[in-house]
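Chemist: The structure's right below; bear with me while I get my questions together.
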Amino acid sequence: MPTDEELVAAYLKGDEAAFEEIVRRYEDRLYRLSYRMLGNHHDALDAVQEILVKLMAALPKFEGRSRFGTWVYRLAANTCLDIRRKRGRTAAESLEATLEFSPAASLAILDDEPADNPDLYLEQQYRENVVRAALDKLPESQRRLLELRDLEDFSNSQVADMLGIEVGALKARLHRARQALKRVLDAGVYVPGYTSPAATDLA
Numbered sequence: 086m087p088t089d090e091e092l093v094a095a096y097l098k099g100d101e102a103a104f105e106e107i108v109r110r111y112e113d114r115l116y117r118l119s120y121r122m123l124g125n126h127h128d129a130l131d132a133v134q135e136i137l138v139k140l141m142a143a144l145p146k147f148e149g150r151s152r153f154g155t156w157v158y159r160l161a162a163n164t165c166l167d168i169r170r171k172r173g174r175t176a177a178e179s180l181e182a183t184l185e186f187s188p189a190a191s192l193a194i195l196d197d198e199p200a201d202n203p204d205l206y207l208e209q210q211y212r213e214n215v216v217r218a219a220l221d222k223l224p225e226s227q228r229r230l231l232e233l234r235d236l237e238d239f240s241n242s243q244v245a246d247m248l249g250i251e252v253g254a255l256k257a258r259l260h261r262a263r264q265a266l267k268r269v270l271d272a273g274v275y276v277p278g279y280t281s282p283a284a285t286d287l288a
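Numbering of the sequence shown is given in this note's numbering, commencing with residue 86 and proceeding in unit increments.
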C-alpha cells in the first residue's frame with residue numbers, strides 16, 4: 086500500500102486516482118473533526134467539501150517537513166475555525182478553567198446555558214463579546230492556539246501534532262498566548278453596541 090507521501094507525489098504527476106485514495110483515507114476523519122468543531126451534520130459536510138477543495142489546491146505546497154496527516158489536520162482545523170468566525174459563533178466553554186481569571190467574574194462568560202434573568206443574560210452576552218473581541222486583538226497564531234486548545238479543548242499532544250511542534254514548545258507558546266489575552270482584557274476591550282457597568286472587568 087502506498088504511503089500518503091507517495092500518493093501526493095503520484096497526484097502531482099497527474100494520477101488523479103491518487104487523490105481519490107487520499108480522500109478515501111481521510112474523509113471520515115475530516116468529518117469527525119468538522120462535526121466536533123462545528124456541531125452539526127450539515128455544517129460538517131460542507132466543511133469537509135471545503136477542506137478537500139483547499140487540500141487539492143494546496144498539495145503542490147506540501148514539502149514533507151511534517152507528516153502528511155498532521156498537515157491535513159492543520160488545514161482542516163484552520164478551515165473549521167475560519168467557518169466558525171465567519172458565522173460569528175466562537176465557543177467559550179473552557180476559558181474559565183484555563184485562563185487565570187477570577188472564577189466568579191468569568192463564570193457568566195462561560196456558562197453553557199443562557200441566564201434566565203434578562204439583565205444577567207444581557208451581561209452574559211456582553212462578557213462573551215468582550216472575550217471574542219479580546220481574542221481578535223491577538224496575533225493570529227496566538228488566537229488560533231487558544232481556540233484549538235482552550236475553546237475546542239484539544240489536548241496538548243493533539244495541538245502540538247497539528248502545529249508540528251513538541252509538547253514542551255506548545256506549553257510555552259500557550260502560556261504566552263494566555264498571558265497576552267489577559268493583558269488585553271486587563272487593558273479594557275471596547276465592544277461596539279454594548280454598554281455595561283461591569284465594562285471589561287473580567288480579570
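Even glycine gets a Cβ: it sits at the ideal position worked out from N, Cα and C.
Asp246 and Thr155 look like a contact to me (Cβ under 8 Å); what is the Cβ gap, rounded to whole Å?
Modeler: Counting from 1 along the sequence shown, the entry for residue 246 is found at position 161. Counting from 1 along the sequence shown, the entry for residue 155 is found at position 70. Confirmed, Cβ separation roughly 5 Å.
Chemist: Quick one: grab the DSSP three-state call for Phe153.
Modeler: Reading the sequence shown from its first residue, position 68 is the one you call residue 153. Helix, per DSSP.
Chemist: Whose C-alpha, out of Asp167, Leu230 and Ser151, is nearest the C-alpha of Leu123?
Modeler: By 1-based counting over the sequence shown, the position of residue 123 is 38. Measuring from the Cα of Leu123, the nearest candidate turns out to be Asp167.
Chemist: Measuring straight from C-alpha to C-alpha, what distance separates Ser179 and Gly99?
Modeler: Stepping through the sequence shown from its first residue, residue 179 is reached at position 94. Stepping through the sequence shown from its first residue, residue 99 is reached at position 14. Its pLDDT being 41, under 50, Ser179 is placed unreliably by the model, and nothing is read from it.
Chemist: Using a Cβ-Cβ cut-off of 6 Å (strictly less than) and excluding sequence neighbours within five positions of Ala129, which residues of its own chain qualify?
Modeler: Along the sequence shown, read from residue 1 onward, the residue named residue 129 stands at position 44. Here the set comprises Tyr116, Ser119, Tyr120 and Leu123.
Chemist: Relative to the C-alpha of Arg228, which residue among Lys267, Ile250, Val157 and Arg212 is closest?
Modeler: The residue you call residue 228 lines up with position 143 of the sequence shown. Out of Lys267, Ile250, Val157 and Arg212, Lys267 has the C-alpha closest to the C-alpha of Arg228.
Chemist: Give me, in chain order, the residues of the same chain whose beta-carbon lies closer than 6 Å to that of Ala92; leave out the 5 immediate sequence neighbours on both sides.
Modeler: Counted from its first residue, the sequence shown places residue 92 at position 7. Reading off the sequence, residue 92 comes out as Leu, not Ala. Once the five neighbours on either side are set aside, the close Cβ partners of Leu92 are Ala103, Glu106 and Ile107.
Chemist: Could you give the DSSP three-state label for Gly253: helix, strand or coil?
Modeler: Reading the sequence shown from its first residue, position 168 is the one you call residue 253. Helix, per DSSP.
Chemist: Give the straight-line distance between the Cα atoms of Glu101 and Tyr111, rounded to the nearest whole angstrom.
Modeler: As a working mapping, residue 101 is identified with position 16 in the sequence shown. As a working mapping, residue 111 is identified with position 26 in the sequence shown. Rounded to the nearest angstrom, the two C-alpha atoms are 16 Å apart.
Chemist: Label Val216 either buried or exposed according to how many other C-beta atoms from any shown protein chain fall within 10 Å of its C-beta, with 16 as the threshold for buried.
Modeler: Here residue 216 corresponds to residue number 131 of the sequence shown, with the count starting at 1. Classification for Val216: buried.
Chemist: Applying the 10 Å Cβ sphere with the 16-neighbour rule, what's the burial state of Val269?
Modeler: Stepping through the sequence shown from its first residue, residue 269 is reached at position 184. So Val269 counts as buried.
Chemist: Nearest-angstrom Cα distance between Ser242 and Tyr158?
Modeler: What you label residue 242 is simply residue 157 of the sequence shown in a count that begins at 1. What you label residue 158 is simply residue 73 of the sequence shown in a count that begins at 1. If you take the alpha carbons of Ser242 and Tyr158, they lie about 13 Å apart.
Chemist: Report the three-state DSSP secondary structure of Asp221 (helix, strand or coil).
Modeler: Counting from one through the sequence shown, the residue named residue 221 turns up at place 136. Reduced to three states, the DSSP call for Asp221 is helix.
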